[in-house]
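Comments concern the structure below.
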Amino acid sequence: MTPPTAPYRYEAQAWRAGVTRVAGIDEAGRGPLAGPVVAAAVVIAHERRIKGLADSKLLAPAEREALFHVIQERALAVGVGVVDHATIDRINILRATRQAMAEALARLPVIPELIITDFVALPALPCPQKNLVAGDRRCASVAAASIVAKVTRDRIMRGMHRRFPEFDFAHNKGYGTPVHRAALRRLGPTSIHRLSFAGVGQPELPGFDDTAFGSA
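Structural data, given as structure tokens:
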């Protein structure tokens, strides 16, 4: 079943007001026990809209990959920020997510006039921002950013699988699946695990289930 596509409603409002450079921003990897958090920022031009954009979590891997390539080809600008596990442990996942988003914005080759996020408020921006609940389903530019962030992070974790095959990172992408948790109990954490997360470097919290984060 094809997932519902994210509309260009918020971009269209901005375009009508003469605001042409609208950056959607989203992240992947807040919930996993291992690996980095990745953010992407995407600016789509009015005359080069991309069809079929949807929340990356609702898309099959092949659909994400196909859209990733279209976004790279058609978007006015794409920026990516990656913050590693050690930084996550040092400053916490929310601050690390904001840092990744700031890096993604800094790597855009154009300066945005409006930034739309998936509900994460960013400090000290030089332009207005909209923080939308479920932004990756309600805003095409945020959906595009979610796809770029997800595909980029998945590729990183597949690379980590070659270093640590016992943890099955190619499939779980660092989330706390039974196979991943069993490997943690048997072998202990790897050099890319988030030691500040429950169940890795500290006692597991009763009732905490990080798989509920899905594949964001």
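Residue 137 in the working numbering sits at position 137 of the sequence shown, with consecutive numbering throughout. Idealized CB from N, CA, C, for every residue including glycine.
Review point. Is D89 helix, strand or coil when you go by DSSP?
Key: Walking along the sequence shown from the start, residue 89 turns up at place 89. Note: D89 maps to helix in three-state DSSP.
Review point. Does the stretch 54-65 touch the stretch 138-151, meaning 3 or more C-beta pairs lie closer than 8 Å?
Key: yes
Review point. Should the stretch 157-171 be called in touch with the stretch 135-143, which here means at least 3 C-beta pairs below 8 Å?
Key: no
Review point. Can you tell me where the alpha helix (DSSP H) with V82 in it begins and where it stops?
Key: One-based indexing of the sequence shown puts residue 82 at position 82. It is not in any alpha helix (DSSP H) - V82 instead sits in the beta strand (DSSP E) that spans A77 to V83.
Review point. From R230 to S56, what does the alpha carbon distance come to, in whole angstroms?
Key: No statement about residue 230 is possible, as the shown extent of the chain runs from 1 to 216 and does not include it.
Check your understanding: Would S146 be called buried (16 or more neighbouring beta carbons within 10 Å of its own) or exposed?
Key -> Along the sequence shown, one-based indexing puts residue 146 at 146. S146 is buried by the Cβ-count criterion.
**Study point:** Buried or exposed by the 16-neighbour rule on C-beta atoms within 10 Å, applied to H171
**Key:** Start at 1 with the first residue of the sequence shown, and residue 171 comes out as number 171. Exposed.
Practice item. Please confirm whether G81 and A39 have their CB atoms less than 7 Å apart. Key: Here residue 81 is taken as the residue at index 81 of the sequence shown, counted from 1. Here residue 39 is taken as the residue at index 39 of the sequence shown, counted from 1. Their beta carbons are under 7 Å apart, which means G81 touches A39 by this criterion.
Practice item. Note down the Cα distance separating R21 from P128, rounded to an integer number of angstroms. Key: Locating residue 21 in the sequence shown gives position 21, counting from the first residue. Locating residue 128 in the sequence shown gives position 128, counting from the first residue. So the alpha carbons of these two residues sit roughly 12 Å apart.
Check your understanding: Taking just the CA atoms, how far does Q72 sit from R48?
Key -> Reading the sequence shown from its first residue, position 48 is the one you call residue 48. Reading the sequence shown from its first residue, position 72 is the one you call residue 72. Cα-Cα distance, rounded: 12 Å.
Check your understanding: Who are the near neighbours of T5 in its chain, counting only those whose CB is closer than 7 Å to its CB and skipping five residues on each side?
Key -> If you number the sequence shown from 1, residue 5 lands on position 5. Closer than 7 Å at the Cβ level, and outside the excluded window around T5, lie G52, L53 and A54.
Review point. When the Cα of D118 is compared with those of A104, A134 and P112, which residue comes out closest?
Key: Working through the sequence shown from its first residue, we reach residue 118 at position 118. The candidate whose alpha carbon is nearest that of D118 is A134.
**Study point:** Reference R16, options G35, A28, H46 and G24, closest by Cα
**Key:** Position 16 of the sequence shown holds residue 16. Of the candidates G35, A28, H46 and G24, the one whose C-alpha sits nearest the C-alpha of R16 is H46.
Point to revise | Residue(s) in a DSSP beta bridge with H193 | key: Numbered from 1 along the sequence shown, position 193 holds the residue referred to as residue 193. According to DSSP, H193 bridges with A34.
Review point. With 16 as the cutoff for other CB atoms within 10 Å, does D210 come out buried or exposed?
Key: Walking along the sequence shown from the start, residue 210 turns up at place 210. Low local confidence applies: a pLDDT of 42 at D210 is under 50, so the model's placement there is unreliable, and no value is given.
Review point. So which of L59, M1, L105 and A34 has the shortest CA-CA distance to I93?
Key: Position 93 of the sequence shown, counting from 1, holds the residue named residue 93. Considering only alpha carbons, the answer is A34.
Review point. In three-state terms, what does DSSP make of I25?
Key: Along the sequence shown, read from residue 1 onward, the residue named residue 25 stands at position 25. Three-state DSSP puts I25 in a strand.
Review point. In this structure, what does DSSP give as the bridge partners for A6?
Key: Here the question's residue 6 lines up with position 6 in the sequence shown. DSSP lists no partner for A6.
Check your understanding: Roughly how many angstroms lie between the CA atoms of N131 and L122, to the nearest whole one?
Key -> The residue labelled residue 131 in the question sits at position 131 within the sequence shown. The residue labelled residue 122 in the question sits at position 122 within the sequence shown. When rounded, the distance between both Cα atoms is 9 Å.
Check your understanding: Once you ignore the five residues that flank E113 on each side, which residues in its own chain have a CB closer than 6 Å to its CB?
Key -> Numbered from 1 along the sequence shown, position 113 holds the residue referred to as residue 113. Cβ neighbours of E113 beyond the five flanking positions: V19, R21 and C127.
**Study point:** Distance, I115 Cα to Y8 Cα
**Key:** Your numbering for residue 8 matches position 8 in the sequence shown. Your numbering for residue 115 matches position 115 in the sequence shown. Straight-line Cα distance between these residues: approximately 14 Å.
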